[in-house]
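Novice: Okay, so the sequence shown: first residue is 3 according to my numbering, each after it adds one. Heads up, the beta-carbon is just placed ideally off N, CA and C, and yes, glycines get one too.
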Amino acid sequence: MKHARKNPRNGRGRRITAIAVTATVGLVGAVLIGVGARGEAPPPSPPASEAIADTPSVSPTSSPPPTSMPSATPTKPQAKAEASSKAPKPKPKPTQAAAPKPLKRSQPVRLDIPSIGVDTDLLNVGLKADGSIGVPPLDPDAPAGWYKRGPSPGEQGPAVLLGHVTATADEGPAVFFKLGDLRKKDEISVTRADGKVAVFKVTQIIQTKKDAFSSAGTYANTEDAELRVITCGGAFDKATQRHADNIVVHAKLVSTHPA
Numbered sequence: 003m004k005h006a007r008k009n010p011r012n013g014r015g016r017r018i019t020a021i022a023v024t025a026t027v028g029l030v031g032a033v034l035i036g037v038g039a040r041g042e043a044p045p046p047s048p049p050a051s052e053a054i055a056d057t058p059s060v061s062p063t064s065s066p067p068p069t070s071m072p073s074a075t076p077t078k079p080q081a082k083a084e085a086s087s088k089a090p091k092p093k094p095k096p097t098q099a100a101a102p103k104p105l106k107r108s109q110p111v112r113l114d115i116p117s118i119g120v121d122t123d124l125l126n127v128g129l130k131a132d133g134s135i136g137v138p139p140l141d142p143d144a145p146a147g148w149y150k151r152g153p154s155p156g157e158q159g160p161a162v163l164l165g166h167v168t169a170t171a172d173e174g175p176a177v178f179f180k181l182g183d184l185r186k187k188d189e190i191s192v193t194r195a196d197g198k199v200a201v202f203k204v205t206q207i208i209q210t211k212k213d214a215f216s217s218a219g220t221y222a223n224t225e226d227a228e229l230r231v232i233t234c235g236g237a238f239d240k241a242t243q244r245h246a247d248n249i250v251v252h253a254k255l256v257s258t259h260p261a
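(1) Ordered along the chain, which non-local residues of its own chain (more than five positions away) have a Cβ less than 8 Å from that of glycine 119?
(2) In the DSSP output, what is serine 191 paired with across the bridge?
(3) Taking all protein chains shown into account, do 16 or more other C-beta atoms lie within 10 angstroms of the C-beta of alanine 169, making it buried, or fewer, making it exposed?
(4) Looking at the secondary structure, which residues open and close the beta strand (DSSP E) in which alanine 237 lies?
(5) Distance, Cα to Cα, glycine 236 vs threonine 205?
(6) From valine 251 to proline 92, what distance separates their C-alpha atoms?
(7) Can you tell me whether DSSP reads threonine 242 as helix, strand or coil?
(8) Taking three-plus beta-carbon pairs below 8 Å as touching, is the stretch 120-135 in contact with the stretch 194-204?
(9) Return the chain-ordered list of same chain residues with a C-beta closer than 6 Å to the C-beta of valine 192, the five sequence neighbours on each side being excluded.
(10) Can you look up serine 257 in the DSSP assignment and give me helix, strand or coil?
(11) Can we say the stretch 138-156 touches the stretch 212-219, given the rule of at least three CB pairs closer than 8 Å?
(12) With a threshold of 6 Å on Cβ separation, who are the neighbours of threonine 233 within its own chain once the five nearest residues in sequence on each side are excluded?
(13) Could you check if valine 260 is buried or exposed, using at least 16 other CB atoms within 10 Å of its CB as the buried criterion?
(14) Give the straight-line distance between the Cα atoms of alanine 176 and lysine 203, rounded to the nearest whole angstrom.
(15) Here's the rule: buried if 16 or more other CB atoms are within 10 angstroms of the residue's CB, otherwise exposed. What is glutamate 228?
(16) Let's test the definition: count the other Cβ atoms within 10 Å of the Cβ of lysine 106 and tell me whether it reaches 16, buried, or not, exposed.
(17) Excluding the five sequence neighbours on either side, which residues of its own chain have a C-beta within less than 7 Å of the C-beta of threonine 224, listed in chain order?
(18) Using the C-alpha atoms, what's the distance from valine 162 back to proline 104?
(19) For lysine 212, count neighbouring Cβ atoms within 10 angstroms of its own Cβ and tell me buried if that reaches 16, exposed if not.
(20) With DSSP as the reference, identify every bridge partner of proline 92, one or two as the case may be.
(21) Please check the pair leucine 125 and proline 142, which I expect to be a contact at CB under 8 Å, by giving their CB distance rounded to whole angstroms.
(22) For valine 231, collect the residues of the same chain with a Cβ closer than 6 Å to its Cβ; drop the 5 residues on either side in sequence, then sort them by chain order.
(23) Which value, in whole angstroms, describes the spacing of the CA atoms of leucine 184 and serine 257?
(24) Which residues does DSSP list as the beta-bridge partners of valine 167?
(25) Taking the DSSP output, what are the residues bridged to alanine 146?
(26) For alanine 101 and aspartate 226, what's the separation of their Cα atoms in angstroms?
(27) Count the other CB atoms, across all protein chains shown, that sit within 10 Å of the CB of threonine 210; report buried if there are 16 or more and exposed otherwise.
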């Protein structure tokens, strides 16, 4: 595996690169291959409860409770009732730990996702002549890939990792076959060439039709170091020899440590 050259670009240059990811990698939703293995069960899909952002929901129809008008000449019992009806003071919300400081650029060399049994080397992938993103070899034992034109895992922005869900014809599941089994707060670790391990925590798992793949939602710049792990999913179309969907896992950097 070739090691990435030192990156002389300044912070602004890295931000521009991250923006370029949105324009150039948007095709990944259509080109990432998931050739179905005949007779194999379909890959796991995230449950509906997991396939949403990790943020509290608010009903648009919610309204504050009605308030009563005070009496012009309240009696003591009324005053006591009013006093007892006062809502208790809300407890302060626990503060979230600040995101760790992003790391400098360094090539990722290994990916570990313990909860689904993934332990793989990482290849560098770039763009093909037609402008679409390259993908790892279509073999059952092929490793996952890192999109080398975007941020590296641990660096500010959304680093992109991708891999196949199934291999050729009758060769069975590939490296990301169980990606849909991930759940929020599961950990993903990436070992880097600089001897550091970037640890991410899953915040969102999305399954979407390939023609509805959101480049902006997947590759937009982020203030913190984040990760996007992408594969195919859903039903296998024998006519096109492709899966119908994409599964996209979002994760945020939570810690780093020496390898």
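Specialist: In short, the structure shows the following:
(1) Lys180.
(2) For serine 191, the beta-bridge partners assigned by DSSP are Asp114 and Val201.
(3) With 16 or more other Cβ atoms within 10 Å, it is buried.
(4) Per DSSP, the continuous beta strand (DSSP E) segment holding alanine 237 begins and ends at 227-239.
(5) Rounded to the nearest angstrom, the gap between the Cα atoms of glycine 236 and threonine 205 is 21 Å.
(6) Valine 251 and proline 92 have their C-alpha atoms spaced approximately 34 Å apart.
(7) Three-state DSSP puts threonine 242 in coil, outside helix and strand.
(8) Contact between the stretch 120-135 and the stretch 194-204 is absent, because fewer than three Cβ pairs lie under 8 Å.
(9) Annotation for valine 192: Pro110, Leu113, Pro155 and Ala200 place their beta carbon closer than 6 Å to its own, counting only its chain and skipping 5 residues before and after.
(10) DSSP places serine 257 in the strand class (E or B) of the three-state scheme.
(11) Verdict: no, contact absent.
(12) Hits under 6 Å: Gly165, Val167, Phe178, Leu181 and Ile249.
(13) For clarity, residue 260 is proline in the given sequence; the question names valine instead. With fewer than 16 Cβ atoms within 10 Å of its Cβ, proline 260 is classed as exposed.
(14) In a straight line, the C-alpha of alanine 176 is about 23 Å away from that of lysine 203.
(15) Glutamate 228 is classed as buried because its beta carbon has at least 16 other beta carbons within 10 Å across all chains shown.
(16) Lysine 106 counts as exposed, since fewer than 16 other C-beta atoms from the protein chains shown sit within 10 angstroms of its C-beta.
(17) Shown here for threonine 224: same chain residues with a beta carbon closer than 7 Å to its own, the five before and five after excluded, namely Gly159 and Pro160 in chain order.
(18) Proline 104 and valine 162: Cα-Cα distance of roughly 16 Å.
(19) Its Cβ being crowded by 16 or more others within 10 Å, lysine 212 is buried.
(20) Proline 92 pairs with nothing; no bridge assigned.
(21) Between proline 142 and leucine 125 the Cβ distance is about 15 Å, and since that is not below 8 Å, they are no contact.
(22) Cβ neighbours of valine 231 within its own chain (closer than 6 Å, five residues either side excluded): Leu163 and Val251.
(23) Taking the straight line from one Cα to the other gives about 19 Å.
(24) Partner(s): none; valine 167 has no beta bridge.
(25) In the DSSP assignment, alanine 146 is bridged to Leu124.
(26) The alpha-carbon atoms of alanine 101 and aspartate 226 are separated by roughly 7 Å.
(27) Its Cβ being crowded by 16 or more others within 10 Å, threonine 210 is buried.
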